[in-house]
């Protein structure tokens with residue numbers, strides 16, 4: 052039977068995650084994988100979770116297994132509200148921060164409307180935006196703030212001239228995925244001024260914020276413009292991704308629409324997982340575990356940076372992230388990281404081609420490297436293989 | 052700040068679940084509640100789940116806490132495939148069967164297109180359909196199959212004459228929510244013939260199918276027309292709703308679109324919950340627990356039926372479900388169960404007004420009663436209060 056005539060128009064704009072396609076092709080444990088965005092399994096508090104499961108079932112009984120409130124359990128909302136310093140009414144618990152991205156897009160964007168973002172940007176967000184047939188406009192980061200402002204004004208101007216409504220700006224200001232970059236306070240303030248001047252909202256995606264390995268935290272965009280920002284948080288990198296729990300902070304008028312939407316999306320987030328997360332957080336175990344994760348990831352980042360320094364050929368440069376899970380490599384112009392990928396995989400090394408994160412097909416000479424997942428003792432052989440392949444490729 | 056100009060067009064069609072609004076207003080444990088569709092907490096295998104959590108963390112370690120496959124864990128897909136007798140490629144695990152409804156609508160329906168359903172039908176489905184601006188057309192059940200066929204043909208004809216495309220028919224053939232009715236094999240076959248004749252799909256929602264208290268199981272619509280049916284299953288009524296796990300069975304071409312959509316919706320279902328569900332199922336503990344649930348619910352259904360028989364005034368009739376969680380009361384024409392609701396609640400009894408489940412504002416003289424949630428010993432006082440209120444109302 053042919054199903055072509057049955058699909059909604061949105062389906063024509065769906066595209067598969069190339070990252071997830073990579074994972075289907077290979078057994079990650081058998082290669083040196085700098086692909087993916089998986090946290091290190093060493094950060095998972097397995098023994099804590101065993102006792103948490105038993106604790107919450109003893110303490111809350113059937114409440115932990117029954118349907119829960121659409122906004123999230125009162126206990127988890129309160130714990131997140133306290134941690135983030137906002138009233139509980141401004142907290143919606145989501146079934147993953149990916150759902151946060153998706154539901155914000157659903158309630159805000161009609162086909163053809165514009166979502167501004169950085170270029171490159173998070174692939175899962177671009178997937179969601181395109182699935183609603185949004186016009187995704189990416190602006191590359193420029194560390195010269197005057198030039199960066201000029202680029203934003205040009206992109207915004209082009210939208211306005213084209214009669215296109217800009218609904219929101221999507222940003223990962225801390226340790227961006229894929230670039231690893233962090234926006235300065237001045238840069239964040241610029242984005243807020245532009246949002247106010249041109250009357251659009253900001254979706255601030257912040258899954259890595261608590262994974263800072265050096266330097267001082269920069270205020271969130273949400274703290275600069277709470278009335279205009281939907282701030283997305285995640286338990287995936289500070290607890291365990293398998294729990295599929297995140298949160299949205301925002302104005303109650305916006306959260307109310309998200310709440311009604313979530314009723315028909317999935318009724319409520321996973322309930323026992325929420326009780327465990329709340330208990331983990333409020334008992335202080337989350338912070339203790341986070342401190343260990345930070346110290347592990349700092350070592351791995353430092354190791355990867357020193358290996359790149361030692362092995363990478365001339366002409367290759369990379370970002371030096373102050374936190375998060377990724378850094379971003381740039382090869383000389385003309386290099387094609389998509390074509391190179393099969394060679395690397397044949398030699399046992401995986402990364403994600405940078406162009407997958409770009410809104411306009413650019414970035415062919417870039418790649419994203421994850422340093423959280425691969426065991427530290429497997430990084431050196433992986434980087435040696437990759438560097439030597441790159442060396443012969445660049446000599447061609 | 053005024054957000055009115057920011058919302059997508061879909062938001063204008065969102066409506067809040069009146070059932071969930073009821074729950075916000077009252078403490079369910081303090082009243083006699085026949086509202087809601089909550090399973091009995093007595094059916095939750097709390098001790099099993101305590102040991103399951105520990106078992107899966109010991110057996111699968113970090114795999115139970117890491118990101119999982121978008122289609123679901125291989126273990127749970129295989130367990131569901133075996134139980135349902137389908138190849139594993141035809142199984143997609145969802146983050147609740149509500150998500151199953153939502154994602155089917157998302158991939159199939161554009162604004163203005165028609166979804167056929169029974170009238171009344173499941174409220175959460177109507178919420179999801181309307182949120183995509185579908186035209187929801189409901190046809191009341193008629194036990195005279197020739198008349199029923201006539202009614203379907205009339206409704207379908209009106210859509211075709213109006214130039215409207217029918218995308219799918221949504222049905223809960225077993226122990227329907229809210230009516231409690233079950234479709235005969237002949238009725239199911241009729242729906243399949245209509246789907247083939249007029250070329251639409253069928254979404255068969257089957258959360259209660261395994262809760263049968265008497266009589267023989269009728270073949271699923273999916274078994275009659277697997278190429279044309281998306282069959283939705285749920286762990287909420289056979290394990291625990293707090294886990295937010297369901298499944299979709301369907302043609303691989305349809306599941307492939309759902310898979311790509313789910314990547315951007317929430318990446319994957321909750322992982323540790325899936326491992327627990329798979330272990331619960333494949334170890335036989337699910338069936339043992341289900342047998343106990345069935346016997347408990349059978350007693351509660353029988354009790355409610357006998358109480359209605361004993362206390363309800365003349366002129367009130369009700370369905371006699373062979374399974375599931377609900378039965379449906381019909382009062383004389385002119386009775387208004389929406390207006391009556393506040394009186395009932397003041398007296399300590401809750402139900403859901405039948406018109407909330409109707410696609411066209413009909414059903415004012417009906418109400419849905421749940422018999423799974425309220426403890427058996429609280430049913431008699433609840434029904435006495437409700438019956439005596441109804442008696443005075445009907446005498447007016």
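Protein chains in written order, with my numbering: chain A, 52 to 447; chain B, 52 to 447.
Just so it is clear, CB atoms sit at the ideal spot from N, CA and C, and this is done for glycine as well.
Just so you know, these numbers come straight off a predicted model, no measurement behind them.
Beta-carbon contacts of residue i that lie in its chain and below 7 Å, excluding the five residues immediately before and after
i: residue 108/A; result: 115
i: residue 124/B; result: 322, 325, 326, 329
i: residue 106/A; result: 330
i: residue 203/A; result: 190, 245
i: residue 409/B; result: 170, 171, 189
i: residue 398/B; result: 436, 440
i: residue 278/B; result: 302
i: residue 265/A; result: 373
i: residue 290/A; result: 328, 331, 337
i: residue 438/B; result: 362, 363, 364
Integer-rounded CB distance, given that residue j should sit under 8 Å from residue i
i: residue 297/A; j: residue 151/A; result: 5 Å
i: residue 217/A; j: residue 167/A; result: 6 Å
i: residue 283/B; j: residue 257/B; result: 6 Å
i: residue 44/B; j: residue 82/A; result: This structure cannot settle anything about residue 44/B, because the visible part of chain B is limited to 52 through 447.
i: residue 74/A; j: residue 178/A; result: Actually they are not in contact, since the Cβ atoms of residue 74/A and residue 178/A sit about 15 Å apart, beyond 8 Å.
i: residue 145/B; j: residue 185/B; result: Not confirmed; about 20 Å, so no contact.
i: residue 403/A; j: residue 382/A; result: Rounded, the Cβ-Cβ distance is 14 Å, inconsistent with contact.
i: residue 69/A; j: residue 386/A; result: The pair is not a contact, with the Cβ atoms about 18 Å apart (cut-off 8 Å).
Residue environment, residue i, which counts as buried when at least 16 other CB atoms sit within 10 Å
i: residue 223/B; result: buried
i: residue 335/B; result: exposed
i: residue 371/B; result: exposed
i: residue 141/A; result: buried
i: residue 176/B; result: buried
i: residue 53/B; result: exposed
i: residue 320/A; result: buried
i: residue 270/B; result: exposed
i: residue 227/A; result: buried
i: residue 72/A; result: exposed
i: residue 99/B; result: buried
i: residue 432/B; result: exposed
Contact set for residue i: own chain, Cβ-Cβ below 6 Å, skip 5 residues either direction
i: residue 276/A; result: 243
i: residue 132/B; result: 139, 142
i: residue 434/A; result: 358, 362
i: residue 306/B; result: 143
i: residue 369/B; result: 359, 378, 380
i: residue 351/A; result: 422, 427
i: residue 207/A; result: 249
i: residue 183/B; result: 156, 160
i: residue 147/A; result: 295, 297
Close beta carbons around residue i, own chain, < 8 Å, minus the five adjacent residues each side
i: residue 384/A; result: 416
i: residue 343/B; result: 94
i: residue 159/B; result: 218, 219, 252
i: residue 193/A; result: 199, 202
i: residue 303/B; result: 140, 141
i: residue 263/A; result: 225, 226, 345, 373, 374
i: residue 267/B; result: none
i: residue 236/A; result: 269, 270
Interface flag, residue i vs chain C, CB-CB below 7 Å
i: residue 407/A; result: Absent here is chain C; the protein component of the structure consists of chains A and B.
Report task. Closer than 8 Å, Cβ to Cβ, to anything on chain B: give me those residues from the stretch 271 to 286 of chain A, in chain order. Result -> 278, 279
**Report entry** Residues within the stretch 81 to 102 of chain B neighbouring chain A, beta-carbon criterion of under 7 Å
**Finding:** 89, 92, 95, 97, 100, 101
Report task. Closer than 9 Å, Cβ to Cβ, to anything on chain A: give me those residues from the stretch 106 to 122 of chain B, in chain order. Result -> Cβ proximity to chain A below 9 Å picks out 108, 109, 112, 113, 114, 115, 116, 117, 118, 119, 120, 121 from the stretch 106 to 122 of chain B.
Query - Members of the stretch 235 to 258 of chain A that neighbour chain B once the beta carbon cut-off is set at 9 Å - result: The stretch 235 to 258 of chain A vs chain B, Cβ under 9 Å: 250, 251, 252.
Query raised in the report: Taking any Cβ of chain B, which residues in the stretch 290 to 309 of chain A have a Cβ under 8 Å from it, in chain order?
Result: Of all residues in the stretch 290 to 309 of chain A, 291, 292, 293, 294, 295, 302, 304, 305, 308 have a Cβ within less than 8 Å of some Cβ in chain B.
Report task. Report the residues of the stretch 60 to 74 of chain B with a CB closer than 9 Å to any CB of chain A, ordered along the chain. Result -> 60, 61, 62, 65, 66, 67, 68, 71, 74
Report task. Identify each residue in the stretch 135 to 155 of chain B for which the Cβ-Cβ distance to at least one residue of chain A is less than 7 Å, and report them in chain order. Result -> 146, 147, 149, 150, 153
Report task. For the stretch 102 to 168 of chain A, list the beta strand (DSSP E) runs that are entirely contained and at least 3 residues long, ordered along the chain. Result -> 142 to 145
Report task. Scan the stretch 225 to 289 of chain B and note each continuous beta strand (DSSP E) run of 3 residues or more that stays entirely inside, going in chain order. Result -> List check, beta strand (DSSP E) in window: 252 to 256, 280 to 285.
Query raised in the report: According to a CB-to-CB cut-off of less than 7 Å, which residues of the stretch 159 to 171 of chain B neighbour chain A?
Result: 159, 160, 161
**Report entry** chain A contacts made by the stretch 309 to 334 of chain B, where a contact means CB separation under 8 Å
**Finding:** Here the close residues are 311, 312, 314, 315, 316, 317, 318, 319, 320, 321, 322, 323, 324.
Requested in this report: Compile a chain-ordered list of the residues in the stretch 424 to 443 of chain A whose CB is closer than 8 Å to at least one CB of chain B.
Outcome: none
**Report entry** Members of the stretch 358 to 387 of chain B that neighbour chain A once the beta carbon cut-off is set at 7 Å
**Finding:** none
Report task. Output, in sequence order along the chain, the residues in the stretch 208 to 230 of chain A whose CB is closer than 7 Å to any CB in chain B. Result -> Listed by position, the residues of the stretch 208 to 230 of chain A near chain B (Cβ gap below 7 Å) are 218.
Query raised in the report: Looking at chain B, which residues of the stretch 175 to 191 of chain A have a Cβ within less than 7 Å of any of its Cβ atoms?
Result: 175, 178, 179, 182
Query raised in the report: What alpha helix (DSSP H) runs, 4 residues minimum, are completely inside the stretch 320 to 387 of chain B?
Result: 322 to 333, 336 to 362
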